[in-house]
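Remarks on the structure that follows.
In my numbering, the protein residues as written are 18 to 131.
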C-alpha cells in the first residue's frame, strides 16, 4: 500500500497556503492528463495543485490519507509512484521535494493553485 507523508516544514508551509475547503492533488505532468496541456521538459514532472474540494477533476479518483487531509491522484500517476514517499521543504532553496525510499522523484515540486 502506497503512503505519502509530509515533513513538519512542508506541512506548515503548505497548510499556510490552503483554505479550509481546499485539498491537494498530486499530479504527474506527462503531457496527456487533464491538467497537462503541454508536455513537461523531460516528459515526467510531478507537481502539487491546491484545489477547491468541489472542483476536483473527475480523473483524480485515488487518494492518500495524510496529515493535511486527502491528497488525490490519478490511476495513471499511481503507476509512477513508490510505496513510501515524503514531501519535504528545503528552506534554504525555498522549494518542495518529493522523495521516496529509493530516489528523489521530483527535486523541485511546483505548487500551483487551481
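By construction, the Cβ of each residue, glycine as well, lies at the ideal position given by its N, Cα and C atoms. The model shown is predicted, which means the values in this text are computed figures rather than measured ones.
Inset, instruction - Alpha carbon to alpha carbon, how far is residue 66 from residue 128? Give it in angstroms, no decimals. - result: 6 Å
Legend entry - Counted within 10 angstroms of its Cβ, other Cβ atoms place residue 18 as buried (16 or more) or exposed: exposed
Legend entry - Rounded distance between the beta-carbons of residue 70 and residue 40, thought under 8 Å: 5 Å
Inset, instruction - Report the rounded CA-to-CA distance for residue 23 versus residue 93, giving the unit in angstroms. - result: Straight-line measurement puts the Cα of residue 93 at about 22 Å from the Cα of residue 23.
Inset, instruction - Could you pull the start and end residues of the beta strand (DSSP E) that residue 83 belongs to? - result: 79 to 83
Inset, instruction - Could you give the DSSP three-state label for residue 105: helix, strand or coil? - result: strand
Inset, instruction - Quickly, what does DSSP pair residue 87 with across the bridge? List them, please. - result: 82
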